[in-house]
Amino acid sequence: MQQIGTKVASIVSLDGSGAKALKTASDIIEVYDARVVILDEKGHYWVSPKENNLPAIPASVFKGDTDLSRVLNRHVSVKMNGSSTLSQGDLKKMVVVGVPITYVSGKSGAVFVYQSLDVIHQTNNQAKKIIYIGAGVAIILTTIFAFFLSTRITAPLRDMREAAQQVAEGKFNLKVPVLTRDEIGALGKTFNRMASQLKTYITALQQEKEQLSGILSSMADGVMTFNKEGELLISNPPSKRFLAAWAFENGEKATDTVYEGFNQLPPEVHHLFRKVVDEEKEQTSEVTYQGRTWVVVITPLYDQEHVRGAVAVLRDMTEERRLDEMRQGFIANVSHELRTPISMLQGYSEAIVDGVAETEEDKKEMAKIIYDESLRMGRLVNELLDLARLEAGHFQLNATEISLNEFLDRAVGKFRSLARDQEISLSLEGLRDSSFELKMDPDRIEQVLTNLIDNAIRHTPKGGEVNVTVAKIPNFIKMSVSDTGTGIAQVDLPFVFERFYKADKARTRGKAGTGLGLAIAKNIVNAHGGKIGVQSKAGQGTTFSFTLPIS
1 MQQIGTKVAS IVSLDGSGAK ALKTASDIIE VYDARVVILD EKGHYWVSPK
51 ENNLPAIPAS VFKGDTDLSR VLNRHVSVKM NGSSTLSQGD LKKMVVVGVP
101 ITYVSGKSGA VFVYQSLDVI HQTNNQAKKI IYIGAGVAII LTTIFAFFLS
151 TRITAPLRDM REAAQQVAEG KFNLKVPVLT RDEIGALGKT FNRMASQLKT
201 YITALQQEKE QLSGILSSMA DGVMTFNKEG ELLISNPPSK RFLAAWAFEN
251 GEKATDTVYE GFNQLPPEVH HLFRKVVDEE KEQTSEVTYQ GRTWVVVITP
301 LYDQEHVRGA VAVLRDMTEE RRLDEMRQGF IANVSHELRT PISMLQGYSE
351 AIVDGVAETE EDKKEMAKII YDESLRMGRL VNELLDLARL EAGHFQLNAT
401 EISLNEFLDR AVGKFRSLAR DQEISLSLEG LRDSSFELKM DPDRIEQVLT
451 NLIDNAIRHT PKGGEVNVTV AKIPNFIKMS VSDTGTGIAQ VDLPFVFERF
501 YKADKARTRG KAGTGLGLAI AKNIVNAHGG KIGVQSKAGQ GTTFSFTLPI
551 S
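Take the sequence shown: its letters are residues 1 to 551, numbered as in the numbering used here.
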């Protein structure tokens with residue numbers, strides 16, 4: 001309205017109150033459904049024709065004591081709501097804008113444009129209606145666009161999120177459906193390719209882990225890995241047996257092969273581990289738990305340039321130490337067994353050469369001793385050769401089907417004369433089935449029986465008994481040789497089958513053997529697939545038993 005008033009004022013100022021100017025002003029006002037009033041300083045009053053429902057506002061209103069009078073008096077523009085100043089009936093519902101005029105002739109005046117508030121309300125209502133319609137259309141379009149986004153963008157992203165969660169749980173076979181060729185489709189293809197690669201890598205890592213686990217489990221040496229703080233990360237069965245031995249020795253809760261409560265290293269190993277971490281060099285030590293000797297080698301593990309932990313290799317050296325002791329003992333025992341007969345051979349030979357033996361009877365006695373000692377040396381050498389061949393497996397069993405009764409009668413019968421001379425009762429009891437046959441090497445098994453029966457007779461006093469019994473047990477034949485002799489002390493029982501071991505350290509030379517017979521017997525029985533054992537109590541006799549498989 002102010003722009004309309006300004007436009008009318010500019011037209012009127014050029015033409016004064018000419019008819020042409022007023023007609024132009026009337027046309028302009030008509031377009032906007034308003035009326036205009038023109039006043040000048042001399043009181044001339046003109047109002048546009050009444051072509052609408054707006055009443056004509058008297059000139060007094062514009063000249064009175066109101067804000068509108070400022071347009072004429074002060075030549076300033078005024079905008080006001082009729083309801084605040086106009087008090088004449090319907091004039092309260094008007095909006096009036098006053099614009100000052102300065103004519104070309106120098107006179108001044110004013111242009112007042114007024115319009116009903118209802119028009120403005122209608123315009124506002126139409127504007128609101130347009131806004132509401134626009135908002136509704138926007139909501140509909142937004143909903144359609146949101147549905148489009150959900151279908152083309154959000155849904156595939158949601159599917160990829162669910163697929164990513166399943167991939168995180170280890171399900172790598174899931175494929176995201178690719179429905180478009182846009183960026184979302186490219187992302188889906190990339191995700192599927194990533195899942196496939198992850199599956200390949202995880203499978204390869206799993207195979208490597210299983211291979212490493214299999215290697216560690218099958219190793220004879222113990223392996224343990226630790227972090228920098230000394231916490232155990234990986235261990236295999238031999239290392240667990242090592243920890244179990246340490247735990248049992250220190251009163252911890254442990255089974256035979258696994259120590260479940262492990263949370264620290266044994267003190268010796270812990271000290272060695274700290275040296276490895278501090279000095280960053282391989283360390284070696286030897287520890288003994290529960291009678292077993294372990295060599296521990298700990299090597300640092302590096303993370304780029306810094307030590308991140310260590311790996312320990314544990315080797316059970318118990319058997320090697322035992323074999324080394326046996327080797328040293330074997331040399332000492334052979335030297336001891338050979339020294340006595342060699343000394344006797346040398347001494348009696350010198351006596352004969354030097355003429356110490358004056359009579360033929362003395363010479364024969366010395367020659368007899370030399371002969372016996374040479375036989376003893378021959379037996380020792382032969383038994384050593386037999387034992388070496390048996391332990392190395394360089395011998396062949398000549399297994400044949402034989403009658404068990406005939407074999408036992410022959411093997412036991414050759415000792416009956418010796419038993420009578422010693423006043424010892426020798427008996428054979430048990431299985432007497434004449435048709436029963438057993439497949440074995442008769443010479444080797446007779447060697448076993450000969451050794452056991454001979455030992456029993458030599459260590460049984462006069463009036464004692466030696467019994468040979470045979471029994472059939474499931475899948476085996478069991479043969480036992482028992483006596484009522486001196487027996488074997490409990491401390492000696494675990495070692496009677498070792499080479500050169502003699503339980504009776506003080507027995508006379510007449511009863512002494514080489515100490516190899518039982519070791520040979522054990523190897524012969526083992527070669528047949530059987531087992532040999534002993535039961536004895538000091539002063540109550542001894543029973544040696546061995547089994548042979550029937551098959």
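All C-beta atoms, glycine included, are put in the ideal place defined by N, C-alpha and C. A quick note: this is a predicted structure, and the numbers were derived from the prediction, not measured.
Distance from the CA of Ile424 to the CA of Pro461, rounded to the nearest whole angstrom, comes to 8 Å.
Taking 8 Å as the upper bound for CB-CB distance, Ala312 and Leu301 are not in contact here, some 11 Å apart. Ile234 is not a Cβ neighbour of Leu272, given a cutoff of 8 Å. Non-local beta-carbon contacts of Ile457 in its own chain, meaning distances under 8 Å to residues more than five positions away in sequence, involve Phe415, Leu418, Ala419, Gln422, Ile424, Leu426, Val466, Asp483 in chain order. Of the other Cβ atoms in all chains shown, fewer than 16 fall within 10 Å of the Cβ of Thr102; this residue is therefore exposed. The alpha helix (DSSP H) runs of length 4 or more contained entirely in the segment 104 to 155 are, from start to end of the chain, 117 to 149.
Leaving aside the five residues that flank Pro341 on each side, the residues in its chain whose CB is nearer than 7 Å to its CB run, in chain order, Glu373, Arg376, Met377.
The beta-carbon separation of Asp441 and Ala399, rounded to 5 Å, stays under the 8 Å limit for a contact. Taking 8 Å as the upper bound for CB-CB distance, Thr469 and Gly413 are not in contact here, some 16 Å apart. Taking the Cα positions, Glu280 is about 57 Å away from Arg181. Arg292 has its alpha-carbon roughly 56 Å from the corresponding atom of Val356. Taking the Cα positions, Glu162 is about 9 Å away from Val176. The beta carbon of Ser536 sits closer than 6 Å to the beta carbons of Gly487, Ile488, Thr542 from its chain, once the five residues preceding and following it are set aside; these are given in chain order.
In this structure, the CA atom of Arg274 is about 16 Å from the CA atom of Val287.
If you draw a straight line from the Cα of Gln115 to the Cα of Val36, it comes to about 9 Å.
A distance below 7 Å between beta-carbons, with the five flanking residues on each side excluded, links Ile153 to the following residues of its chain, in chain order: Ile184.
Taken in chain order, the whole beta strand (DSSP E) runs of length 3 or more contained in the segment 399 to 481 are 400 to 403, 425 to 430, 437 to 440, 465 to 473. Arg35 sits in a strand when the DSSP states are folded into three classes. Between Val119 and Gly98, the gap from beta carbon to beta carbon reaches 8 Å or more. In terms of CA proximity to Leu438, Asn405 leads the group Glu268, Ile139, Leu449, Asn405. Using a Cβ distance threshold of 8 Å, Gln206 and Glu249 do not count as a contacting pair. For the 8 Å CB-CB criterion, Gly517 and Asn451 form a contact. For Met224, the uninterrupted beta strand (DSSP E) run begins and ends at 222 to 227, by DSSP.
Residue nearest to Phe191 within the set Val178, Ser108, Glu208 is Val178 (criterion: CA-CA distance).
The C-beta distance from Ser213 to Val223 rounds to 11 Å, too long to meet the 8 Å contact threshold. Across the set Ile445, Ala168, Gln540, the C-alpha of Ile445 shows the shortest separation from the C-alpha of Phe546.
Distances from the alpha-carbon of Leu449 to those of Asp433, Asn475, Arg410 put Arg410 closest.
Ile520 is not a Cβ neighbour of Val481, given a cutoff of 8 Å.
In this structure, Met344 is the residue among Asp303, Leu408, Met344 with its C-alpha nearest to the C-alpha of Tyr371. Beyond the five residues adjoining it in sequence on each side, Val307 comes within less than 6 Å, by CB distance, of Val277, Glu280, Pro300 in the same chain, given in chain order.
Ranking Gly485, Lys478, Gly533 by CA distance to the CA of Phe495 puts Gly533 first.
DSSP places Thr293 inside the beta strand (DSSP E), whose first and last residues are 292 to 303.
Cβ neighbours of Lys199 within its own chain (closer than 8 Å, five residues either side excluded): Phe172, Asn173.
In the three-state scheme derived from DSSP, where H, G and I count as helix and E and B as strand, Val176 is classed as coil. In the three-state reduction of the DSSP assignment, Thr484 falls in the coil class.
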